[in-house]
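Numbering-wise (the working numbering), the sequence shown opens with residue 1 and increments by one. Even for Gly, the Cβ is constructed at its ideal location relative to N, Cα and C.
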Amino acid sequence: MASTSLGVILYGPPASGKDTVTGALRRLNPRYELFRRLKVGGGRTAGYRLTDQATIDALREQGEIIWENQRYDALYAIDRQTLVEYLDRGVPVVHAGQPEVIDAVVAAIPGAHWLVVALSCPREVAEQRIIARATGDTTERLWLWDRTPVLMQPVVAIDTSLYCPDAAAELINGQATVHVAKAR
């Protein structure tokens, strides 16, 4: 891993724009790449590496699981080796819905520089987005939205109801450049 390895952590409640902003970042610069978390369970499959419980258990036993959580009747996990591989080839974009994910990722790969971006939007906007997804779990996602803490000290904070995805990506990309320059 290079000493200037950069990753982006997009933090926010459900439907705050993490997937959409990640897509805009990727269009802006193909070095940005969604970190595809491991997933055991049903529901959405796009953006995940589907696996089984035995694989998660083996990775956990090897000390490779950085973070795991259960949501929407599924288990999600971030594994260290794959995250290092993403850092070696580009700029991984890690999605987070809990502040503890940020601490876990930063602590697990101390040689990397992490740009923490807090995405938000009004609850009504999130509700419209969740309904439009038609995943059938609107109540659970809004319950989680209500319980997602506001991040106190992100490097960048963006209300995605006020910025189009491309403008948000430009803002993040500009801050990423500054972030790496300061780290040198």
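{"query": "When you compare only the Cα positions, how much space is there between Gly174 and Ala167?", "result": "11 Å"}
{"query": "Just to confirm my understanding: we take Ser5, look at its own chain, exclude 5 residues before and 5 after, and list those with CB closer than 6 Å. What are they?", "result": "Leu87, Ala112"}
{"query": "Looking at the secondary structure, which residues open and close the beta strand (DSSP E) in which Gly7 lies?", "result": "6-11"}
{"query": "If you scan the region 11-90 from start to end, which runs of the beta strand (DSSP E) of 3 or more residues do you find wholly inside it?", "result": "32-34, 37-41, 48-50, 65-71, 74-79"}
{"query": "DSSP beta-bridge partners for Leu115?", "result": "Val8"}
{"query": "Does the distance from the CB of Ala157 to the CB of Ala118 come in under 8 Å?", "result": "yes"}
{"query": "What residues in its chain sit with their C-beta under 7 Å from that of Arg60, if we drop five residues either side in the sequence?", "result": "none"}
{"query": "Return the CA-CA distance between Pro149 and Leu25, expressed in angstroms with no decimal places.", "result": "24 Å"}
{"query": "Return the first residue and the last residue of the beta strand (DSSP E) that Val156 is part of.", "result": "156-159"}
{"query": "Cβ of Val91 within 8 Å of Cβ of Val8?", "result": "yes"}
{"query": "For Val94, does the three-state DSSP call read helix, strand or coil?", "result": "strand"}
{"query": "So, using beta-carbon positions, are Tyr11 and Pro154 closer together than 8 Å?", "result": "yes"}
{"query": "Please return the same chain residues whose Cβ sits closer than 8 Å to the Cβ of Leu28, not counting the five positions on each side in sequence.", "result": "Asp166, Ala169, Glu170, Asn173"}
{"query": "Give me the Cβ distance between Arg141 and Ala15, rounded to the nearest whole Å; I'm assuming they're in contact under 8 Å.", "result": "7 Å"}
{"query": "Could you round the C-beta distance between Val105 and Val94 to whole angstroms and report it? I think they count as a contact, below 8 Å.", "result": "6 Å"}
{"query": "Under the assumption that Leu75 contacts Gly41 (Cβ atoms under 8 Å), give the Cβ distance between them as a whole number of angstroms.", "result": "6 Å"}
{"query": "Can you give me the C-alpha to C-alpha distance between Ile102 and Arg80, rounded to a whole angstrom?", "result": "13 Å"}
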